[in-house]
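**Q**
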Amino acid sequence: MIREHPTTAYTDQKPGTSGLRKKVRVFQQANYAENFVQSVFDVVEGKEGATLVIGGDGRFLNREVIQVAIRMAAAAGFGRVVVGQGGILSTPAASNLIRIRGALGGLVLSASHNPGGPDEDFGIKYNIANGGPAPEKVTEAIHARTRTIEVWREVEGSDIDLDALGETRVGDMTVEVVDPVADYAALMEQLFDFAAIRAAGLTMAFDAMSAVTGPYATEILEKRLGFAPGTVRNGTPLPDFGGHHPDPNLVHARELYDLMMGPDAPDFGAASDGDGDRNLIIGRSRFVTPSDSLAMLAANAHLAPGYSQGLKGIARSMPTSAAADRVAAALGIACYETPTGWKFFGNLLDAGMATICGEESAGTGSDHVREKDGLWAVLLWLNILAATGKSVDQIARDHWATFGRNYYARHDYEGVESERADALMSELRGRLGALPGERFGDLVVEAADDFAYEDPTDGSISRNQGVRVLFEGGSRVVFRLSGTGTSGATLRVYLERFDAARTDEDTTAMLADIVAAADAIAGIVRHTGRTQPDVVT
Ligand code: G6P
Ligand code: ZN
Numbered sequence: 001m002i003r004e005h006p007t008t009a010y011t012d013q014k015p016g017t018s019g020l021r022k023k024v025r026v027f028q029q030a031n032y033a034e035n036f037v038q039s040v041f042d043v044v045e046g047k048e049g050a051t052l053v054i055g056g057d058g059r060f061l062n063r064e065v066i067q068v069a070i071r072m073a074a075a076a077g078f079g080r081v082v083v084g085q086g087g088i089l090s091t092p093a094a095s096n097l098i099r100i101r102g103a104l105g106g107l108v109l110s111a112s113h114n115p116g117g118p119d120e121d122f123g124i125k126y127n128i129a130n131g132g133p134a135p136e137k138v139t140e141a142i143h144a145r146t147r148t149i150e151v152w153r154e155v156e157g158s159d160i161d162l163d164a165l166g167e168t169r170v171g172d173m174t175v176e177v178v179d180p181v182a183d184y185a186a187l188m189e190q191l192f193d194f195a196a197i198r199a200a201g202l203t204m205a206f207d208a209m210s211a212v213t214g215p216y217a218t219e220i221l222e223k224r225l226g227f228a229p230g231t232v233r234n235g236t237p238l239p240d241f242g243g244h245h246p247d248p249n250l251v252h253a254r255e256l257y258d259l260m261m262g263p264d265a266p267d268f269g270a271a272s273d274g275d276g277d278r279n280l281i282i283g284r285s286r287f288v289t290p291s292d293s294l295a296m297l298a299a300n301a302h303l304a305p306g307y308s309q310g311l312k313g314i315a316r317s318m319p320t321s322a323a324a325d326r327v328a329a330a331l332g333i334a335c336y337e338t339p340t341g342w343k344f345f346g347n348l349l350d351a352g353m354a355t356i357c358g359e360e361s362a363g364t365g366s367d368h369v370r371e372k373d374g375l376w377a378v379l380l381w382l383n384i385l386a387a388t389g390k391s392v393d394q395i396a397r398d399h400w401a402t403f404g405r406n407y408y409a410r411h412d413y414e415g416v417e418s419e420r421a422d423a424l425m426s427e428l429r430g431r432l433g434a435l436p437g438e439r440f441g442d443l444v445v446e447a448a449d450d451f452a453y454e455d456p457t458d459g460s461i462s463r464n465q466g467v468r469v470l471f472e473g474g475s476r477v478v479f480r481l482s483g484t485g486t487s488g489a490t491l492r493v494y495l496e497r498f499d500a501a502r503t504d505e506d507t508t509a510m511l512a513d514i515v516a517a518a519d520a521i522a523g524i525v526r527h528t529g530r531t532q533p534d535v536v537t
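Structure (structure tokens):
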């Protein structure tokens, strides 16, 4: 029996950079999650008898939303739901399942690196049949639907047992509870030389941040690769991530950073975020920026079995440093510059134009799935360490000696009043035409624009993707408002300076002039009232 629930539209269900993210309290309003899920189902075609993957990062509300989404999927005509045991699926594992099961799509329940718990964040993202986040035309249609929705539907029935592996029926639909790790671990074994990594005898620390990668990392690193028990820290997914912020950066993964900089550092340190798609890479006494990690992985990927044939191309988001461009040039392959958001890589990967993609926001991945993949990056690094016998520090130094160094940092100003942040950006946009030729200390503006992207595969155009100010000599500053926050605005200022010869300098010192220029150009202090960023990554 299908039950229809009359509902009233909410006006704030516009998906951001990565799905709909709101405070848990917002999601707890009557029909809030149901309206959004129904809007997804109303918009996607071909549901009859199709397979839908559902899973999340285990955060607060995960199980409740999964239960109702299953009943709604049955009412929408799906033939099968594949759901991770305990409601758990990392984002890359969900992407893989969608692909190997030939699913129509998937619901990924996560707010990624945002904190979880009753007072924190929840999120719902729809992924399409290629395993990647829905492109803008789909999310726009979903948003339009959320504004007119009047009813949501579910098959009547009780909750299923999410903890028991195997199949059950909900209405005419089969629900299959699967091991969330098995298929993903098998894929990793295909891509990387597990025997070589095992034989290398490396030591490592992996911080799962009490989030979804715990079970994946324990199975892959400790069980299959033989790293010592205890290598995986904070390995049990908790609904509130232990009260921590599951964002693998130098602020929130401080303990790991301190370990890696101290006398007892293992060979390799890494962390992943709430839903397992981000990564933090730290060697002994050597932090690797995400932009550099992308470049170094691309330069060395051929050492791993899955990439031994070489790369077809590299793609990076616009605010990511140009380090990867230099690798692409050396390899004689294309490098694509896309707006922020993994969804922009999907078409390039589907078209076979890019093999490896990455973003400054700690995301790296390849054409093996259609999401960024934290553990994948960790395993590729391990494979490279094992194949070369070098340390992370040596790999980094050798890389910079060959390609030069793109000194890079991102300054975040969090919780800024939206009006103030918008005023800063619109004033900046208004100044763009006048900036070329202006001098800030020793820096002279060469060009300035608001980044727009034309997708080379379908010609779609995305505008207003961030303000770039390019200085003579290859330095630049980029200004953007975060699309993933849930309260106020976060201003991100991306700072970059290239130096071909001086590759062992202090990043802060190398970027000081650009930091000063950024404030002079955008009036950060004047608009935000802040004299210091909240987070420097
Ligand atoms: C999510 C997306 C990434 C993107 C990031 C940007 O993590 O999956 O692809 O780079 O958000 O976040 P921001 O807060 O800068 O919009
Ligand atoms: Zn994430």
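Under the UniProt record's numbering, the first residue of the sequence shown is numbered 1, with each subsequent residue one higher. Beta carbons are placed, not taken as given, at the ideal position from N, Cα and C, and that holds for glycine. As the structure is a computational prediction, the values presented were derived from the model and not from experiment.
Is it true that the CB of F206 sits closer than 8 Å to the CB of V232?
**A** Your numbering for residue 232 matches position 232 in the sequence shown. Your numbering for residue 206 matches position 206 in the sequence shown. The answer is yes: Cβ separation under 8 Å.
**Q** Can the beta-carbon of G77 be found less than 8 Å from the beta-carbon of E48?
**A** By one-based count along the sequence shown, residue 77 stands at place 77. By one-based count along the sequence shown, residue 48 stands at place 48. Closer than 8 Å, so yes.
**Q** Suppose you measure from the CA of V108 to the CA of S317; what does that come to, to the nearest Å?
**A** Position 108 of the sequence shown, counted from the start, is the residue given in the question as residue 108. Position 317 of the sequence shown, counted from the start, is the residue given in the question as residue 317. Roughly 22 Å separates the two Cα atoms.
**Q** Alpha carbon to alpha carbon, how far is A328 from residue 538? Give it in angstroms, no decimals.
**A** Outside the displayed range of the chain (1 to 537) lies residue 538, so it cannot be described from this structure.
**Q** Here's the rule I'm using: 16 or more other beta-carbon atoms within 10 Å means buried, otherwise exposed. How should P290 be labelled?
**A** Start at 1 with the first residue of the sequence shown, and residue 290 comes out as number 290. Label assigned to P290: buried.
**Q** On a Cα-Cα basis, can you pick out the residue from Y216, T8, P456 and F227 that is closest to P237?
**A** As a first step, residue 237 must be located in the sequence shown, where it is residue number 237. Selected option, being the one with the closest Cα: Y216.
**Q** Who does N127 pair with in a DSSP beta bridge?
**A** In the sequence shown, residue 127 corresponds to position 127, counting from 1. N127 pairs with G106 and P133.
**Q** Under the rule that 16 or more other beta-carbon atoms within 10 Å means buried, what is K223, buried or exposed?
**A** Along the sequence shown, one-based indexing puts residue 223 at 223. Exposed: under 16 other Cβ atoms inside 10 Å.
**Q** Give me the Cα-Cα distance between Y407 and P436, rounded to the nearest whole angstrom.
**A** The sequence position of residue 407 within the sequence shown is 407, counting from 1. The sequence position of residue 436 within the sequence shown is 436, counting from 1. In a straight line, the C-alpha of Y407 is about 23 Å away from that of P436.
**Q** Which of the three DSSP states, helix, strand or coil, is assigned to N464?
**A** Mapped onto the sequence shown, residue 464 falls at position 464. In the structure shown, N464 sits in coil (DSSP, three-state: anything other than H, G, I, E or B).
**Q** Distance, Cα to Cα, V469 vs A512?
**A** Along the sequence shown, read from residue 1 onward, the residue named residue 469 stands at position 469. Along the sequence shown, read from residue 1 onward, the residue named residue 512 stands at position 512. Computed Cα separation, rounded: 16 Å.
**Q** Looking only at C-alpha atoms, which of K22, V467 and V212 sits nearest to L495?
**A** Within the sequence shown, the letter at position 495 stands for residue 495. With distances taken between Cα atoms, L495 lies closest to V467.
**Q** Run through DSSP, which three-state label would S291 get?
**A** Taking the sequence shown and counting its residues from 1, one reaches residue 291 at position 291. Of the three classes helix, strand and coil, the one that applies to S291 here is helix, per DSSP.
**Q** Can you check which of these residues, P248, F345 and A75, is closest to G276 by C-alpha distance?
**A** Your numbering for residue 276 matches position 276 in the sequence shown. Nearest C-alpha to G276: P248.
**Q** Return yes when the C-beta of E359 is under 7 Å from any heavy atom of ligand 1, and no when it is not.
**A** Locating residue 359 in the sequence shown gives position 359, where the first residue counts as 1. For ligand 1, at least one heavy atom lies less than 7 Å from the Cβ of E359.
**Q** From the DSSP output, read off the bridge partner residues of W152.
**A** Within the sequence shown, numbered from 1, the residue matching residue 152 stands at position 152. DSSP output for W152 lists H5 as bridge partner(s).
**Q** Take the Cβ of E154 as the centre, count every other Cβ of all protein chains shown within 10 Å, and call the residue buried at 16 or more, exposed below.
**A** As a working note, residue 154 is residue 154 in the sequence shown. It counts as buried.
**Q** May I ask you to check if the CB of T91 is nearer than 7 Å to at least one heavy atom of ligand 2?
**A** In the sequence shown, the residue the question calls residue 91 occupies position 91. Correct: T91 has its Cβ closer than 7 Å to ligand 2.
**Q** Which runs of the alpha helix (DSSP H) fall wholly inside the segment 256–306 and span at least 4 residues, in chain order?
**A** Runs found: 290–300.
**Q** Nearest CA to the CA of W381: which residue from E120, A396 and E371?
**A** Along the sequence shown, one-based indexing puts residue 381 at 381. Taking only the C-alpha atoms, the option nearest W381 is A396.
**Q** Hey, quick one: how far does the alpha helix (DSSP H) through Y216 stretch, first residue to last?
**A** Sequence index remark: in the sequence shown, residue 216 carries index 216 (1-based). Here the alpha helix (DSSP H) through Y216 covers T213 to A217.
**Q** Are there any heavy atoms of ligand 2 lying less than 7 Å away from the beta-carbon of H113, as far as the coordinates show?
**A** The sequence position of residue 113 within the sequence shown is 113, counting from 1. Within the cutoff, so yes.
**Q** Check each candidate in N31, G310 and F345 and name the one with the smallest Cα separation from G332.
**A** Position 332 of the sequence shown, counted from the first residue, corresponds to residue 332. If we check each option's Cα against that of G332, G310 comes out closest.
**Q** For G201, which of helix, strand or coil comes out of DSSP?
**A** Walking along the sequence shown from the start, residue 201 turns up at place 201. G201 falls in the coil class under three-state DSSP.
**Q** Return helix, strand or coil for D534, following the three-state DSSP convention.
**A** In the sequence shown, the residue the question calls residue 534 occupies position 534. Three-state DSSP puts D534 in coil, outside helix and strand.
**Q** Taking the beta carbon of S475 as the centre, do at least 16 other beta carbons fall within 10 Å, making it buried, or is it exposed?
**A** Indexing the sequence shown from 1 puts residue 475 at position 475. Buried, by the Cβ-count rule.
**Q** Which residues in the same chain have their Cβ closer than 6 Å to the Cβ of N464, if we skip the five residues on either side of it in sequence?
**A** Position 464 of the sequence shown, counted from the start, is the residue given in the question as residue 464. So the list reads D450, once near-sequence residues are dropped.
**Q** Is residue 557 helix, strand or coil when you go by DSSP?
**A** In this structure the chain extends from 1 to 537, so residue 557 is not present and cannot be described.
**Q** The alpha helix (DSSP H) spanning L375 covers which residue range?
**A** In the sequence shown, counting from the first residue as 1, residue 375 sits at position 375. Unbroken alpha helix (DSSP H) run through L375: G374 to T388.
**Q** Just mark V178 as buried or exposed, buried being the case when its beta carbon has 16 or more other beta carbons within 10 Å.
**A** Position 178 of the sequence shown, counted from the start, is the residue given in the question as residue 178. V178 is buried by the Cβ-count criterion.
**Q** Between L432 and D121, what straight-line distance do the alpha-carbon atoms span, to the nearest angstrom?
**A** On the sequence shown, residue 432 is found 432 positions in, with the first residue counted as 1. On the sequence shown, residue 121 is found 121 positions in, with the first residue counted as 1. When rounded, the distance between both Cα atoms is 35 Å.
**Q** Any contact of the segment 159–170 with the segment 356–374, i.e. 3+ C-beta pairs under 8 Å?
**A** With a cut-off of 8 Å, the segment 356–374 and the segment 159–170 do not count as touching, because too few Cβ pairs lie within range.
**Q** Within its chain, find whatever has a CB closer than 7 Å to the CB of R63; leave out the 5 residues flanking it on each side and keep chain order.
**A** As a first step, residue 63 must be located in the sequence shown, where it is residue number 63. Closer than 7 Å at Cβ, skipping near neighbours: G87 and L162.
**Q** For the beta strand (DSSP E) containing V493, list its first residue and its last residue.
**A** Taking the first residue of the sequence shown as position 1, residue 493 is located at position 493. Taken as a continuous stretch (DSSP letters only), the beta strand (DSSP E) holding V493 covers A489 to D499.
**Q** For H527, I'd like the list of residues in its chain whose CB is within less than 7 Å of its CB, leaving aside the five on either flank, ordered along the chain.
**A** To locate residue 527, count along the sequence shown from 1; it is residue 527. R420, A423 and L424.
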